[in-house]
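Asks: Line order of the protein sequences matches chains G and W. FYI, the numbering for the first sequence is 1 to 203, going by our numbering. FYI, the numbering for the second sequence is 1 to 203, going by our numbering. My questions will all concern the structure given below.
There are 2 protein chains.
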Amino acid sequence: MSRIASQDRRALLVQAALRVIAANGVSGATTRAIVAEAGMSLASFHYAFRSHDEMMRDLVAHVVGGQSIAAFAVLKPESDIRTLLHDALQSFLGYIVADPEHEQVMQELLHYALRTPGLASLAREQYATYYSSAVELLVVAAAQAGVVWRIPVAEVARLIVTTTDGITLAYLVDRDAAAAYRVLDFAAAAIAGLAEPALEFAE
Amino acid sequence: MSRIASQDRRALLVQAALRVIAANGVSGATTRAIVAEAGMSLASFHYAFRSHDEMMRDLVAHVVGGQSIAAFAVLKPESDIRTLLHDALQSFLGYIVADPEHEQVMQELLHYALRTPGLASLAREQYATYYSSAVELLVVAAAQAGVVWRIPVAEVARLIVTTTDGITLAYLVDRDAAAAYRVLDFAAAAIAGLAEPALEFAE
DNA sequence: GATCGTCTGGGACAGTTGACCCACTTGGCA
DNA sequence: TGCCAAGTGGGTCAACTGTCCCAGACGATC
Numbered sequence: 001m002s003r004i005a006s007q008d009r010r011a012l013l014v015q016a017a018l019r020v021i022a023a024n025g026v027s028g029a030t031t032r033a034i035v036a037e038a039g040m041s042l043a044s045f046h047y048a049f050r051s052h053d054e055m056m057r058d059l060v061a062h063v064v065g066g067q068s069i070a071a072f073a074v075l076k077p078e079s080d081i082r083t084l085l086h087d088a089l090q091s092f093l094g095y096i097v098a099d100p101e102h103e104q105v106m107q108e109l110l111h112y113a114l115r116t117p118g119l120a121s122l123a124r125e126q127y128a129t130y131y132s133s134a135v136e137l138l139v140v141a142a143a144q145a146g147v148v149w150r151i152p153v154a155e156v157a158r159l160i161v162t163t164t165d166g167i168t169l170a171y172l173v174d175r176d177a178a179a180a181y182r183v184l185d186f187a188a189a190a191i192a193g194l195a196e197p198a199l200e201f202a203e
Numbered sequence: 001m002s003r004i005a006s007q008d009r010r011a012l013l014v015q016a017a018l019r020v021i022a023a024n025g026v027s028g029a030t031t032r033a034i035v036a037e038a039g040m041s042l043a044s045f046h047y048a049f050r051s052h053d054e055m056m057r058d059l060v061a062h063v064v065g066g067q068s069i070a071a072f073a074v075l076k077p078e079s080d081i082r083t084l085l086h087d088a089l090q091s092f093l094g095y096i097v098a099d100p101e102h103e104q105v106m107q108e109l110l111h112y113a114l115r116t117p118g119l120a121s122l123a124r125e126q127y128a129t130y131y132s133s134a135v136e137l138l139v140v141a142a143a144q145a146g147v148v149w150r151i152p153v154a155e156v157a158r159l160i161v162t163t164t165d166g167i168t169l170a171y172l173v174d175r176d177a178a179a180a181y182r183v184l185d186f187a188a189a190a191i192a193g194l195a196e197p198a199l200e201f202a203e
């Protein structure tokens, strides 16, 4: 293998590690398994990373940074808030159903990070990313539907994240997509009930 | 250590393994760590279990069987359905807040079981236990409050489990009990809205 | 009290793991 | 073309893992 851009090799190893984790879990992500997946040698690994722990730190950080609930780009204009929430959640669930292993990896990495001394804060950061994505969705959706939230948007965001996490975990276990969509319908309606029509003269 | 009842020693080792997992995660539950925690020798372990895998299978099965959402025993009579749901969920959350590590172990074991070929079915069984506990709660609570569920009770149970899972995961990450209780309030009210007064002449 | 099956202790084994090292190759540059 | 640093391959190390073995201790039974 010819010369690689050096900082790219770290990215290649991280990507390979993610594939290994998807196939064999976090505990299967040994240095040798990763370099085999990446088609490199052990020396290359330790040339790019000081240690296996450092690579895992990079991996978690990469996951935290790169992940946003991108499903929220599908908001159709001229919908009411319930429909907007429903579509957004449905889009999110669509990603999970299409690639359950990915979300399984995310949850396993979350637990791994919670266990690892230097990474617990990153785990919280990963969650903060979820929350801010949800807040963004809620603000945009409310503006589009002409409503305001009756309670602080941060609390509504927590409801969204709680819902998606619960739905995800249940789906990972029993792979019952129909049931997941029913829960989603209910959650969208319930959360939409927290919005009220916006007035020119606010409160 | 004197003679132990043979089938009890398996239980002792499983208990020790659970303590080790609580302290160091699933990957830290090595044979040596477990026997050290139990105060036994390696030979005792392999006298009780054919292999480490067999012990883990027993451990997961024990967790599946022994766990029911015992929090549901606190239903105060003469409450409306919303209060009953709220109290039950609050009692459940109380357990989590009091002993977060336990629920963290449960979730890690769930992911471990999902990854392990022979144990995936046990993971689904673990979830089925959750569902049946929730169904039982919902039936008892509805009878006590004099209401019936507008949708199949199994679907309401899925809402309960989804809610508790989501709340649990969020709490494990940020340990924000106040936020967890607010989500719980909302969920109890929303799910209670799926009940309607019972009539003598049920259709 | 001798005996026998049950249980335990310590040691050993092969396999795997993360980390490291040194000789070698490679590609760009003078 | 020759040089040199960047990058690589293969081998090696100690630590740790699950598993196994065997000599011995223990307790119940006769």
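The C-beta atom is built at its ideal place from N, Cα and C for all residues, glycine as well.
Looking at Arg124(W): is its Cβ nearer than 8 Å to the Cβ of Asp176(G)?
Replies: Counting from 1 along the second sequence, the entry for residue 124(W) is found at position 124. Counting from 1 along the first sequence, the entry for residue 176(G) is found at position 176. Taking 8 Å as the Cβ cut-off, Arg124(W) and Asp176(G) do not qualify as a contacting pair.
Asks: With a CB to CB cut of under 7 Å and the five nearest residues on each side skipped, what residues in its chain are close to Ala48(W)?
Replies: For the purposes of this step, residue 48(W) is taken as residue 48 along the second sequence, with counting starting at 1. Excluding sequence neighbours, Ala48(W) sits near Arg9, Arg10, Leu13.
Asks: For the beta strand (DSSP E) containing Val147(W), name the first residue and the last one.
Replies: Working through the second sequence from its first residue, we reach residue 147(W) at position 147. Its beta strand (DSSP E) spans residues 147-149.
Asks: Nearest CA to the CA of Ile160(W): which residue from Arg115(W), Ala120(W), Phe92(W)?
Replies: Within the second sequence, numbered from 1, the residue matching residue 160(W) stands at position 160. Ranked by how close their Cα comes to the Cα of Ile160(W), the residues Arg115(W), Ala120(W), Phe92(W) have Phe92(W) in first place.
Asks: Can you find at least 3 beta carbon pairs, one from the region 142-154 of chain G and one from the region 77-97 of chain G, that sit closer than 8 Å?
Replies: yes
Asks: Using the beta-carbon of each residue, which ones in chain G are nearer than 8 Å to Asp99(W)?
Replies: For the purposes of this step, residue 99(W) is taken as residue 99 along the second sequence, with counting starting at 1. Here the premise fails: no neighbours, minimum Cβ distance about 15 Å.
Asks: Got a sec: is the Cβ-Cβ distance from Glu103(W) to anything in chain G below 8 Å?
Replies: Numbered from 1 along the second sequence, position 103 holds the residue referred to as residue 103(W). By this cut-off, Glu103(W) is not an interface position.
Asks: Between Asp185(G) and chain W, is there a C-beta pair that is closer than 8 Å?
Replies: As a working note, residue 185(G) is residue 185 in the first sequence. Not flagged as an interface residue toward chain W: Asp185(G), since no C-beta distance is shorter than 8 Å.
Asks: In this structure, does DSSP put Pro100(G) in helix, strand or coil?
Replies: Within the first sequence, the letter at position 100 stands for residue 100(G). Note: Pro100(G) maps to helix in three-state DSSP.
Asks: Is the shortest distance between the beta-carbon of Val173(G) and the beta-carbons of chain W less than 8 Å?
Replies: Counting from one through the first sequence, the residue named residue 173(G) turns up at place 173. Chain W, which has a Cβ nearer than 8 Å to the Cβ of Val173(G), makes this yes.
Asks: Taking the C-alpha atoms as reference points, what is the distance between Arg158(W) and Ser41(W)?
Replies: In the second sequence, the residue the question calls residue 158(W) occupies position 158. In the second sequence, the residue the question calls residue 41(W) occupies position 41. Using only the alpha carbons, I get a separation of about 44 Å.
Asks: Closer than 8 Å, CB to CB, is Ile167(W) near chain G or not?
Replies: Position 167 of the second sequence, counted from the start, is the residue given in the question as residue 167(W). Closer than 8 Å to some Cβ of chain G, the Cβ of Ile167(W) qualifies, so yes.
Asks: Going by Cα to Cα distance, which pick from Asp80(G), Gly146(G), Ala38(G), Ala170(G) is closest to Pro100(G)?
Replies: Translated into the one-based positions of the first sequence, residue 100(G) becomes position 100. Considering only alpha carbons, the answer is Ala170(G).
Asks: Excluding sequence positions up to five away, which residues of its chain have a Cβ less than 8 Å from the Cβ of Gly25(G)?
Replies: Position 25 of the first sequence, counted from the start, is the residue given in the question as residue 25(G). Cβ within range, chain order: Glu108.
Asks: In whole angstroms, give me the CA-to-CA distance for Ala43(G) and Ala16(G).
Replies: If you number the first sequence from 1, residue 43(G) lands on position 43. If you number the first sequence from 1, residue 16(G) lands on position 16. Looking at the backbone, the Cα of Ala43(G) and that of Ala16(G) are separated by about 16 Å.
Asks: Against chain W, with Cβ distances strictly below 8 Å, would Gly118(G) count as a contact?
Replies: Translated into positions along the first sequence, residue 118(G) becomes position 118. No, Gly118(G) does not count as interfacial toward chain W.
Asks: For Ser27(G), return the contacting residues in chain W, with the cut-off set at a CB-CB distance below 7 Å.
Replies: Start at 1 with the first residue of the first sequence, and residue 27(G) comes out as number 27. Simply Ser27.
Asks: What does DSSP give as the partner residue(s) for Glu196(G) in the beta ladder?
Replies: Your numbering for residue 196(G) matches position 196 in the first sequence. Per DSSP, Val148(G).
Asks: Go ahead and pull the three-state DSSP assignment for Thr30(W).
Replies: What you label residue 30(W) is simply residue 30 of the second sequence in a count that begins at 1. DSSP places Thr30(W) in coil when its eight states are reduced to three.
Asks: Taking C-beta pairs closer than 8 Å, name the residues in chain G that Ala170(W) reaches, listed in chain order.
Replies: As a first step, residue 170(W) is located in the second sequence; it is residue number 170 there, counting from the start. Here the neighbours are Tyr127, Arg158, Val161, Thr162, Asp165.
Asks: Hey, could you find the ends of the alpha helix (DSSP H) Asp204(G) is sitting in?
Replies: Outside the displayed span of chain G (1 to 203) sits residue 204(G), for which this structure offers no information.
Asks: Under DSSP, the alpha helix (DSSP H) around Gly166(W) begins and ends at which residues?
Replies: Walking along the second sequence from the start, residue 166(W) turns up at place 166. It spans 153-174 - the alpha helix (DSSP H) in which Gly166(W) sits, taken as one unbroken run.
Asks: Give me the chain G residues within the contact set of His111(W), using Cβ-Cβ distance strictly less than 7 Å, ordered along the chain.
Replies: Residue numbering aside, residue 111(W) sits at position 111 when the second sequence is read from its first letter. Neighbours of His111(W) on chain G, chain order: Gln107, Glu108, His111.
Asks: Is the Cβ-Cβ distance between Asp165(G) and Gly166(W) less than 8 Å?
Replies: Position 165 of the first sequence, counted from the first residue, corresponds to residue 165(G). Position 166 of the second sequence, counted from the first residue, corresponds to residue 166(W). For Asp165(G) and Gly166(W), yes; Cβs fall inside 8 Å.
Asks: Could you work out which residue in Ala198(W), Thr168(W), Arg115(W) is closest to Glu103(W) when comparing CA atoms only?
Replies: The count along the second sequence starts at 1 and reaches residue 103(W) at position 103. Here the closest residue by C-alpha is Thr168(W).
Asks: The alpha helix (DSSP H) spanning Phe45(W) covers which residue range?
Replies: As a first step, residue 45(W) must be located in the second sequence, where it is residue number 45. Unbroken alpha helix (DSSP H) run through Phe45(W): 42-48.
Asks: Could you pull out every residue in the same chain whose Cβ sits closer than 7 Å to the Cβ of Ile206(W), ignoring the five residues on either side in sequence?
Replies: Chain W is shown from 1 up to 203; residue 206(W) falls before or after that span and cannot be answered.
Asks: List the residues of chain G whose Cβ lies closer than 7 Å to the Cβ of Glu155(W), in chain order.
Replies: Mapped onto the second sequence, residue 155(W) falls at position 155. Taking a Cβ-Cβ cut-off of 7 Å, the neighbours of Glu155(W) in chain G comprise Arg182, given in sequence order.
Asks: Figure out for me which residue from Ser51(G), Val156(G), Ala22(G) has the closest Cα to the Cα of Ala188(G).
Replies: Translated into the one-based positions of the first sequence, residue 188(G) becomes position 188. Nearest C-alpha to Ala188(G): Val156(G).
Asks: Step through the CB atoms of chain W and report whether any lies within less than 8 Å of the CB of Leu75(G).
Replies: Stepping through the first sequence from its first residue, residue 75(G) is reached at position 75. No, because no Cβ of chain W sits closer than 8 Å to the Cβ of Leu75(G).
Asks: Given that a residue counts as buried once 16 or more other Cβ atoms are within 10 Å of its Cβ, and exposed if not, what is Ser121(G)?
Replies: Taking the first residue of the first sequence as position 1, residue 121(G) is located at position 121. It is exposed - the Cβ of Ser121(G) has fewer than 16 other Cβ atoms within 10 Å.
Asks: Within the same chain, show all residues whose beta-carbon is closer than 8 Å to that of Ala195(G), passing over the 5 residues directly before and after it, in chain order.
Replies: Counted from its first residue, the first sequence places residue 195(G) at position 195. These residues qualify, in order along the chain: Ile81, Ala142, Ala145, Val147, Val148, Trp149, Arg150.
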